[in-house]
Structures are given as C-alpha cells and as structure tokens.
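Visitor: Sharing a structure here in structure tokens format.
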Amino acid sequence: MRKLGVILILILIFFFNLQASVKIEYKSKLDPEIIKTEKISGNEYFNVFELNKVFKAKIIEDLLDQRLKVNMYDEQIIFLLESSYLTFQGKIYNFEFPIINKDGKFLIPANFLWKILPIIFEDKITKKSNKLIAQPPINNTIQTIVLDPGHGGKDPGAIGFSKKVFEKDLVLTITKKVKKLLEKNLGVEVLLTRKKDKFVSLQERTKFANEHNADIFISIHCNAHRKKKVNGIEVFYLSTAKTDEARAVEQLENQVVFDYEGGIEAVKKYDDLAFILADMAQAEHLEESYKIATKFQADFINATGAVDRGVKQANFYVLRGAFMPSVLLELGFVTNKAEEKKLTTSSYQNKLANSIYEVIKNFKLRYDQMQ
336 MRKLGVILIL
346 ILIFFFNLQA
356 SVKIEYKSKL
366 DPEIIKTEKI
376 SGNEYFNVFE
386 LNKVFKAKII
396 EDLLDQRLKV
406 NMYDEQIIFL
416 LESSYLTFQG
426 KIYNFEFPII
436 NKDGKFLIPA
446 NFLWKILPII
456 FEDKITKKSN
466 KLIAQPPINN
476 TIQTIVLDPG
486 HGGKDPGAIG
496 FSKKVFEKDL
506 VLTITKKVKK
516 LLEKNLGVEV
526 LLTRKKDKFV
536 SLQERTKFAN
546 EHNADIFISI
556 HCNAHRKKKV
566 NGIEVFYLST
576 AKTDEARAVE
586 QLENQVVFDY
596 EGGIEAVKKY
606 DDLAFILADM
616 AQAEHLEESY
626 KIATKFQADF
636 INATGAVDRG
646 VKQANFYVLR
656 GAFMPSVLLE
666 LGFVTNKAEE
676 KKLTTSSYQN
686 KLANSIYEVI
696 KNFKLRYDQM
706 Q
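So the sequence shown is numbered by my numbering: it starts at 336 and just counts up by one.
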C-alpha cells in the first residue's frame with residue numbers, strides 16, 4: 336500500500352512538471368499561437384524568444400548593463416536581469432518573480448504575460464478568460480531559416496574512409512539537430528530542403544528557399560579529398576573561386592549536376608542567362624554572406640579544435656539564385672580516418688550543431704536590432 340502511494344506521488348510530480356502553455360489569439364484571420372511555459376520552483380516561466388515567435392519582438396541581450404531589451408509594437412520594454420522589474424515608457428513595473436538564466440537562456444515569469452502586457456499595451460492586448468487577444472504584429476525580423484542538408488537519395492555525396500559512411504547521412508543528422516535547437520530556443524520557422532534520404536536537385540534547393548521567403552540559407556556538407564591526410568573545416572560563400580583548393584571543392588559539390596541531373600545539358604542550364612541574372616541579384620547579399628561565413632568558421636574552430644582551412648569563395652550552383660544571405664559549410668573530411676570517426680559520434684555532431692545554432696542566433700540578434 337505504501338509503495339502504491341509513492342508511485343501515485345511520483346505520477347503527480349511528473350504531470351505537475353509537464354510543460355504548460357499560454358494561448359495567443361490575434362484580432363485577425365491569423366492562426367492562434369502558443370507560448371510554451373515550464374514550471375520552475377512552483378512558478379510558470381517562458382523563454383524570452385517566444386515573444387519573437389508570437390509578437391515578432393526583437394530581443395537584445397545587453398549583458399554588460401544587465402539588461403534584456405524587448406522591442407515590440409514599436410516600443411521597448413527593458414527588463415533588469417535576475418530581478419522582477421522592468422521599465423516601459425519611463426514607468427517601473429513589478430512582475431513578482433525574477434528572471435532566470437537557465438543554460439544561457441533567459442526565462443521570463445508567465446505573470447508578465449497575464450499581468451503586465453495587457454496594461455502596457457492596453458490598446459493592443461487584452462486578457463480574456465485563459466487566453467490573450469492580441470493585435471497582429473508587424474514583422475521585420477528574421478523569421479524563416481532554410482537548412483539544406485547536402486546530397487541525398489541516389490547521390491551519396493562524399494564516401495568515407497571506411498567506405499561505410501556517406502556524407503548524405505551525416506549532414507542530415509546534423510541538420511536535424513540544428514533545426515531542433517533553433518526552433519526550441521529562437522522560436523523561428525526552420526525548413527529543410529529534404530527531411531529524409533531523398534534526392535533534391537541543386538536548383539530545387541534554392542527555389543525552395545526563395546518560395547518560402549527565407550531570411551538565410553545554410554547548405555551543410557562534409558568534404559572529401561584524394562589525399563587521405565587532408566582534414567579540417569572550411570566555409571564558403573558565393574563568388575568566383577580564388578584558389579585551386581576552392582576550385583576543387585566547387586567542382587566536387589557541383590559534380591552532382593553532371594552525375595545525377597542530366598549530364599552536360601543540365602550543366603548548361605545552370606550557366607544560362609537566368610542563372611547569371613540570379614548571380615547578380617545575389618550580389619547584394621554577398622557582404623552579409625561573407626560576415627556570416629567568417630563567424631561560422633571562427634566558431635567551428637573554437638568549438639572543435641579542427642584544422643582551420645579558412646573562409647573561401649566559390650561558385651557553387653546550390654548558392655546561386657538564393658535571394659538571401661547564404662553560405663556552404665564543409666564540416667570535415669570523411670576521407671580522413673580520424674575526422675570520419677569524429678563526424679560519426681553524437682558528441683562531435685552536437686558541437687557542430689551548437690556552433691551553427693550560435694552563429695545563426697547572433698546573426699538574428701544583430702539583424703533584428705537594426706530593423
């Protein structure tokens with residue numbers, strides 16, 4: 336009987352700690368949104384980036400001044416970190432429980448949603464029963480990210496040193512890890528050009544990004560080399576290849592067009608007037624692409640200790656025609672015995688995925704602040 340009581344208590348604790356949520360309905364035809372919350376020390380909390388998802392808010396982490404700034408509805412809310420206070424239009428508000436920093440993520444008490452938002456935005460947000468009714472926000476922030484796991488299906492990509500490891504499988508696994516991190520922590524829409532072992536042409540990949548109005552396009556790959564000792568990480572952005580090594584990687588990644596998309600006639604398609612014009616349209620994003628590429632490379636080397644092969648330029652078909660900042664990541668050489676072994680471990684994949692997440696997160700924060 337006593338054992339049964341203990342089991343019942345454990346079950347109650349389990350359900351008590353399940354994630355709850357706050358429903359947001361808009362004063363328009365937009366679908367309702369949900370802000371996920373979690374219970375900590377008996378109080379409900381939510382990740383501050385949920386405000387970005389629901390209200391298109393811009394989040395500014397000012398750690399030097401211990402401030403968290405949230406811009407929404409053309410106004411700024413300033414939270415004092417590790418306290419229960421905020422300022423809005425010169426007035427101080429208390430939402431009772433302090434902000435928590437959990438694993439680098441700032442969690443705000445749900446009291447803020449129920450008690451503060453309807454007051455400071457009384458003409459835009461109202462509380463009704465167990466939900467909030469909100470004015471639809473204007474969106475100028477980064478909301479949609481397209482991740483492109485290279486190769487797939489009949490195209491295995493690079494084949495590993497062991498002959499048992501395929502690039503297409505590794506990059507899909509890593510890409511899914513990145514997607515999970517972005518959706519959980521940034522509240523953005525993350526789309527994949529392929530979700531399974533499926534062949535997708537290079538042209539279809541950027542077309543997919545354009546059709547979904549992506550704000551950034553990241554193509555994820557592993558590398559190969561005839562010299563088995565070659566190893567390391569490198570990041571590319573679109574331009575004419577400047578070095579023999581860059582040209583070799585360009586040829587390797589573009590070879591898929593000849594091998595799997597129709598031979599020389601397919602290659603000609605990628606070099607016709609439409610694609611030349613697409614290159615010109617992409618040019619306006621080259622500076623941002625270069626900056627992102629540089630951040631990716633630095634973060635990868637810092638996180639993994641891999642050989643730094645630098646940031647390079649190449650004329651990748653998969654980046655041509657993408658009307659947004661775009662880069663191609665080469666996460667290591669599967670043809671190198673030691674690097675192949677690392678790339679197949681979950682711990683190393685997590686390091687790479689975390690690096691990709693951090694760079695995208697910081698790019699988003701910087702971009703959103705400028706809007």
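Glycine included, each C-beta is placed from N, C-alpha and C at the ideal position.
Note that the structure is predicted; figures quoted are calculated from it, not measured.
(1) Apart from the five residues on each side of it in sequence, which residues of its chain come closer than 6 Å, Cβ to Cβ, to Lys672?
(2) With C-beta atoms as the reference, is Ile758 less than 8 Å away from Ile555?
(3) Flag this pair as touching only if the stretch 370-378 and the stretch 392-399 have three or more C-beta atom pairs under 8 Å; answer yes or no.
(4) Based on the DSSP secondary-structure assignment, which residues constitute the bridge partners of Pro484?
(5) For the putative contact between Val383 and Leu403, defined by C-beta atoms under 8 Å, what is the C-beta separation to the nearest angstrom?
(6) Only counting the same chain, and skipping five residues up and downstream in sequence, which positions put a Cβ closer than 6 Å to that of Leu687?
(7) If Thr476 sits next to Lys391, beta carbons under 8 Å apart, how far is it from one beta carbon to the other, in whole angstroms?
(8) Which two residues bound the contiguous beta strand (DSSP E) that contains Lys358?
(9) When we look at the beta-carbon of Gly567 and count the other beta-carbons within 10 Å, is it buried (16 or more) or exposed?
(10) Hey, is the stretch 481-490 in contact with the stretch 528-539, meaning 3+ C-beta pairs nearer than 8 Å?
(11) Buried or exposed: which applies to Ser690, given that a residue is buried once 16 or more other Cβ atoms fall within 10 Å of its Cβ?
(12) How about Lys459 and Tyr408: do their beta carbons lie closer than 8 Å?
(13) Using DSSP with H/G/I as helix, E/B as strand and the rest coil, what is Thr461?
(14) Using the three-state DSSP reduction, which class does Asp400 fall into: helix, strand or coil?
(15) Do Lys696 and Leu537 have their C-beta atoms closer together than 8 Å?
(16) According to DSSP, is Pro444 part of a helix, a strand, or is it coil?
(17) Using the three-state DSSP reduction, which class does Ala649 fall into: helix, strand or coil?
(18) Taking the alpha-carbon of Phe668 as reference, which of Ile551, Ile636, Arg561 has the nearest alpha-carbon?
(19) Between the alpha carbons of His620 and Phe543, how many angstroms are there, rounded?
(20) Under a three-way DSSP split, which group does Phe390 fall into?
(21) In the DSSP output, what is Gln411 paired with across the bridge?
(22) In three-state terms, what does DSSP make of Phe384?
(23) Determine the extent of the beta strand (DSSP E) in which Glu569 is found, giving its start and end residues.
(24) Can you name the start and end residues of the beta strand (DSSP E) that Val525 belongs to?
(25) Can you tell me which of the three DSSP states Arg701 falls into?
Guide: For this structure:
(1) For this step, residue 672 is matched to residue 337 along the sequence shown. Closer than 6 Å at the Cβ level, and outside the excluded window around Lys672, lie Phe496.
(2) There is simply no residue 758 to check, as the chain begins at 336 and stops at 706 in what is shown.
(3) no
(4) Numbered from its first residue, the sequence shown carries residue 484 at position 149. Ile555, per the DSSP bridge assignment.
(5) By 1-based counting over the sequence shown, the position of residue 383 is 48. By 1-based counting over the sequence shown, the position of residue 403 is 68. Confirmed, Cβ separation roughly 6 Å.
(6) Along the sequence shown, one-based indexing puts residue 687 at 352. So the qualifying residues of the chain are Ile509, Leu666.
(7) Sequence index remark: in the sequence shown, residue 476 carries index 141 (1-based). Sequence index remark: in the sequence shown, residue 391 carries index 56 (1-based). Thr476 to Lys391, Cβ: 6 Å. Contact.
(8) For the purposes of this step, residue 358 is taken as residue 23 along the sequence shown, with counting starting at 1. Residues 355-361.
(9) Within the sequence shown, the letter at position 232 stands for residue 567. Buried.
(10) yes
(11) Taking the first residue of the sequence shown as position 1, residue 690 is located at position 355. Counting Cβ neighbours within 10 Å, Ser690 comes out buried, since at least 16 surround it.
(12) Taking the first residue of the sequence shown as position 1, residue 459 is located at position 124. Taking the first residue of the sequence shown as position 1, residue 408 is located at position 73. It is a contact, given that the beta carbons lie within the stated cut-off.
(13) Counted from its first residue, the sequence shown places residue 461 at position 126. If DSSP states are grouped into helix, strand and coil, Thr461 belongs with the strands.
(14) For the purposes of this step, residue 400 is taken as residue 65 along the sequence shown, with counting starting at 1. Here Asp400 sits in coil by DSSP.
(15) Residue numbering aside, residue 696 sits at position 361 when the sequence shown is read from its first letter. Residue numbering aside, residue 537 sits at position 202 when the sequence shown is read from its first letter. Contact flag unset, no.
(16) Reading the sequence shown from its first residue, position 109 is the one you call residue 444. Strand at Pro444.
(17) As a first step, residue 649 is located in the sequence shown; it is residue number 314 there, counting from the start. Residue state, collapsed to three classes: strand.
(18) As a working mapping, residue 668 is identified with position 333 in the sequence shown. The shortest C-alpha separation from Phe668 is found at Arg561.
(19) Numbered from 1 along the sequence shown, position 285 holds the residue referred to as residue 620. Numbered from 1 along the sequence shown, position 208 holds the residue referred to as residue 543. Roughly 18 Å between the two C-alpha positions.
(20) Taking the sequence shown and counting its residues from 1, one reaches residue 390 at position 55. The answer is helix: DSSP assigns Phe390 an H, G or I state.
(21) Here the question's residue 411 lines up with position 76 in the sequence shown. According to DSSP, Gln411 bridges with Asn406.
(22) Position 49 of the sequence shown, counted from the first residue, corresponds to residue 384. In this structure, Phe384 counts as coil in the three-state DSSP scheme.
(23) Your numbering for residue 569 matches position 234 in the sequence shown. Counting along the chain, the beta strand (DSSP E) containing Glu569 begins and ends at 568-573.
(24) Numbered from 1 along the sequence shown, position 190 holds the residue referred to as residue 525. Segment 524-527, the beta strand (DSSP E) holding Val525.
(25) What you label residue 701 is simply residue 366 of the sequence shown in a count that begins at 1. Helix, per DSSP.
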